[in-house]
Amino acid sequence: MRLDNCERELPDTFCSMPFIRLDTTLNGSGAPCCEYRSPNDEIQDSVIKVWNSKEWTLLRKQIVAGERPKGCDYCWKAEDAKVKSLRKVCGEIFSKFMPNLDKNYNFETGELSTLPATMTVYPSNLCNLACRMCKPSISTTLNSKWNEKIVQITGINNYPLRDNQQYKDTLFRDIGIMGPTLSQIAFGGGEPFMIPKVIDILIALQPYANNMSFFTNTNCTKLMHGNINIIDLIQPFKYKILCVSIDGPPELNEYIRHGTNHSAVLNNINLLMTKKCIIHTNTAVTIYNILHIADTFKYIMKEINPECITIHISQDRSFTDPAILSSDLRLVAETRLRSFISEVQNGLYPNVTDSINRDLITCSQRIVDYIVNQPTTEKLNTFVEYTKEQDRMFGTDILSCNPEFSSLFAV
2 MRLDNCEREL PDTFCSMPFI RLDTTLNGSG APCCEYRSPN DEIQDSVIKV
52 WNSKEWTLLR KQIVAGERPK GCDYCWKAED AKVKSLRKVC GEIFSKFMPN
102 LDKNYNFETG ELSTLPATMT VYPSNLCNLA CRMCKPSIST TLNSKWNEKI
152 VQITGINNYP LRDNQQYKDT LFRDIGIMGP TLSQIAFGGG EPFMIPKVID
202 ILIALQPYAN NMSFFTNTNC TKLMHGNINI IDLIQPFKYK ILCVSIDGPP
252 ELNEYIRHGT NHSAVLNNIN LLMTKKCIIH TNTAVTIYNI LHIADTFKYI
302 MKEINPECIT IHISQDRSFT DPAILSSDLR LVAETRLRSF ISEVQNGLYP
352 NVTDSINRDL ITCSQRIVDY IVNQPTTEKL NTFVEYTKEQ DRMFGTDILS
402 CNPEFSSLFA V
């Protein structure tokens, strides 16, 4: 493949993310995207040191050489299963930020003279929801519910609040250095709008905000942080994009995303739209909603009408992976999605934009490809026991929104 700003021929497996983006947590580690898994979890004491660290320079050299780095297995597995990977999706979205490799990249050492064009900060796992497909390392509320029985069922231990004081202290210094050339700042969590350091970073970036895009994933349950109005804080940014997590129609969404209030979320979305914020939605595709993805998309179109619809196929926790479904339920999921794709292609939803139509078809086809091509695992019993324990704790019943699972949960 060829890039406009590089004379060298690059391999088809080339990924632009290690040259553009830095995802960082407050424990001092960094990654080129949200799915990269560090083989050695190298820790630095500043963001800028992460950018040209030993691990990152090696990663860039491997990418340029056409190798498939181990930390990028999420994408290689997707591509091997004939699914459009995050590598390809991000390549399309972020290609405009690609530096001139001939001028700024040292092909011998793997170092870049430019700083990240886009940065995602995961400052804490502080969160007010206990989403069923989440991990205790990402949500303090879920972590607080992660009892010994769940540890025994899943083999996953509970997790402390993430923090690194030295890294926090240097982060603000580094953001001051990167601010003038940073094109986009993004946040993950936890729930970003609950996290004090997100507010601190947004305040620190105010002098550069009019030349910078703001992006965050959010459960959209909170638009106030103490007495600080979040909307007022993000208003100066050139573009304000909020990707709201919606995992089903109201009853299913509230079941999966335990602790949310769907009406409050819709009210907050409508308020953000009146303030010229751009709304995207993201649906985590899991065994909990795989049979109802079409209904989820229909609900999103009708009630939210976002500018972009995206998905994340949950593979991190094998016992909530949609591919653990039995063959008969896989066929039900596949049939429903193929029928929905046909409806979209035949113009049954004329009130949505061409862009959303493409999103619906692309996302639905990705899910079909995944459940058809992914081998079945032996984790269905783990899913059942895990769900029974959570239903016991939360006073809920999976059959209220997934009656198709009645044979799995027969007493």
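For the sequence shown, the numbering used here assigns the number 2 to the initial residue and increments by one for each residue that follows. By construction, the Cβ of each residue, glycine as well, lies at the ideal position given by its N, Cα and C atoms.
Alpha carbon to alpha carbon, how far is tyrosine 256 from arginine 339? Give it in angstroms, no decimals.
-> Taking the first residue of the sequence shown as 1, we reach residue 339 at position 338. Taking the first residue of the sequence shown as 1, we reach residue 256 at position 255. For arginine 339 and tyrosine 256, the distance between alpha carbons rounds to 25 Å.
Ordered along the chain, which non-local residues of its own chain (more than five positions away) have a Cβ less than 6 Å from that of leucine 361?
-> Translated into the one-based positions of the sequence shown, residue 361 becomes position 360. So the qualifying residues of the chain are Phe298, Val345.
Is DSSP giving asparagine 288 helix, strand or coil here?
-> Counted from its first residue, the sequence shown places residue 288 at position 287. Reading off the sequence, residue 288 comes out as isoleucine, not asparagine. Under the three-state reduction of DSSP, isoleucine 288 is assigned to coil, being neither helix nor strand.
Could you round the C-beta distance between cysteine 16 and glycine 72 to whole angstroms and report it? I think they count as a contact, below 8 Å.
-> Against the sequence shown, residue 16 aligns to sequence position 15. Against the sequence shown, residue 72 aligns to sequence position 71. Not quite, the Cβ-Cβ distance comes to about 11 Å (not below 8 Å), so this is no contact.
So who's on the other strand from serine 246, going by DSSP bridges?
-> Reading the sequence shown from its first residue, position 245 is the one you call residue 246. Under DSSP, serine 246 forms a beta bridge with Asn283.
Nearest-angstrom Cα distance between glycine 31 and leucine 23?
-> On the sequence shown, position 30 is the one that residue 31 refers to. On the sequence shown, position 22 is the one that residue 23 refers to. Spanning the two alpha carbons is a distance of roughly 6 Å.
According to DSSP, residues forming a beta bridge with glycine 31 | Translated into the one-based positions of the sequence shown, residue 31 becomes position 30. Beta-bridge pairing links glycine 31 to Thr25.
Cα-Cα separation, leucine 113 to proline 181 = Walking along the sequence shown from the start, residue 113 turns up at place 112. Walking along the sequence shown from the start, residue 181 turns up at place 180. So the two alpha carbons sit approximately 18 Å from each other.
What residue ranges within the region 115-171 form continuous alpha helix (DSSP H) runs of no fewer than 4 residues, ordered along the chain?
-> Within the region 115-171, the complete alpha helix (DSSP H) segments of 4 residues or longer fall at 141-146, 149-155, listed in chain order.
With a CB to CB cut of under 7 Å and the five nearest residues on each side skipped, what residues in its chain are close to leucine 253?
-> Position 252 of the sequence shown, counted from the first residue, corresponds to residue 253. Same-chain partners within the cutoff: Asn290, His293, Cys402.
Tell me, please, whether the region 170-190 touches the region 119-127 by the rule of three or more beta-carbon pairs shorter than 8 Å.
-> Using a C-beta cut-off of 8 Å, the region 170-190 makes contact with the region 119-127, since at least three inter-stretch Cβ pairs fall below that distance.
Over what stretch of residues does the beta strand (DSSP E) that includes cysteine 309 continue unbroken?
-> In the sequence shown, residue 309 corresponds to position 308, counting from 1. 309-314 is the extent of the beta strand (DSSP E) around cysteine 309.
Provide the residue span of the beta strand (DSSP E) that contains phenylalanine 15, from first to last.
-> As a first step, residue 15 must be located in the sequence shown, where it is residue number 14. Unbroken run through phenylalanine 15: none, as it is neither H nor E.
State the Cα-Cα distance for the pair isoleucine 204 and leucine 234, rounded to the nearest angstrom.
-> For the purposes of this step, residue 204 is identified with residue 203 of the sequence shown, where counting begins at 1. For the purposes of this step, residue 234 is identified with residue 233 of the sequence shown, where counting begins at 1. Annotation: isoleucine 204 to leucine 234 spans about 7 Å, alpha carbon to alpha carbon.
Below 7 Å between beta carbons: does that hold for cysteine 244 and asparagine 283?
-> For the purposes of this step, residue 244 is identified with residue 243 of the sequence shown, where counting begins at 1. For the purposes of this step, residue 283 is identified with residue 282 of the sequence shown, where counting begins at 1. Yes. Within cutoff.
If you count every other CB in all the chains shown that lies within 10 Å of the CB of methionine 179, and 16 or more means buried, which is it?
-> For the purposes of this step, residue 179 is taken as residue 178 along the sequence shown, with counting starting at 1. Buried, since its Cβ has 16 or more Cβ neighbours within 10 Å.
Do alanine 295 and arginine 337 have their CB atoms nearer than 7 Å?
-> By one-based count along the sequence shown, residue 295 stands at place 294. By one-based count along the sequence shown, residue 337 stands at place 336. The Cβ atoms of alanine 295 and arginine 337 sit closer than 7 Å to each other.
Cysteine 132 and threonine 141 closer than 7 Å at C-beta | Reading the sequence shown from its first residue, position 131 is the one you call residue 132. Reading the sequence shown from its first residue, position 140 is the one you call residue 141. No.
In this structure, what does DSSP give as the bridge partners for cysteine 7?
-> Translated into positions along the sequence shown, residue 7 becomes position 6. Checking the DSSP bridge columns, you'll see cysteine 7 partnered with Leu4.
Give the single residue among Asn271, Asn148, Ser327 whose Cα lies nearest to the Cα of isoleucine 288.
-> Counting from one through the sequence shown, the residue named residue 288 turns up at place 287. When each option's Cα is compared against that of isoleucine 288, the closest is Ser327.
Check whether the Cβ atoms of proline 12 and proline 33 sit closer than 7 Å, and answer yes or no.
-> Stepping through the sequence shown from its first residue, residue 12 is reached at position 11. Stepping through the sequence shown from its first residue, residue 33 is reached at position 32. Taking 7 Å as the cut-off, the beta carbon of proline 12 is found no closer than this to the beta carbon of proline 33.
Considering asparagine 218, what are the terminal residues of the beta strand (DSSP E) in which it resides?
-> The count along the sequence shown starts at 1 and reaches residue 218 at position 217. In this chain, the beta strand (DSSP E) harbouring asparagine 218 covers 214-219.
Beta-carbon proximity check, threonine 261 vs threonine 222, cutoff 7 Å = To locate residue 261, count along the sequence shown from 1; it is residue 260. To locate residue 222, count along the sequence shown from 1; it is residue 221. Contact flag set, yes.
Three-state secondary structure assigned by DSSP to asparagine 374 | As a first step, residue 374 must be located in the sequence shown, where it is residue number 373. DSSP places asparagine 374 in helix when its eight states are reduced to three.
Count the other C-beta atoms from every protein chain shown that fall within 10 angstroms of the C-beta of valine 51, then say buried if there are 16 or more, exposed otherwise.
-> The residue given as residue 51 occupies position 50 in the sequence shown. Valine 51 is buried by the Cβ-count criterion.
Contact the region 391-410 vs the region 356-373: 3+ CB pairs below 8 Å | Contact fails: fewer than three Cβ-Cβ distances are below 8 Å.
In this structure, does DSSP put isoleucine 357 in helix, strand or coil?
-> As a working note, residue 357 is residue 356 in the sequence shown. Note: isoleucine 357 maps to helix in three-state DSSP.
With DSSP collapsed to three states, give me the class of alanine 82.
-> Looking up residue 82 in the sequence shown gives position 81. Alanine 82 falls in the coil class under three-state DSSP.
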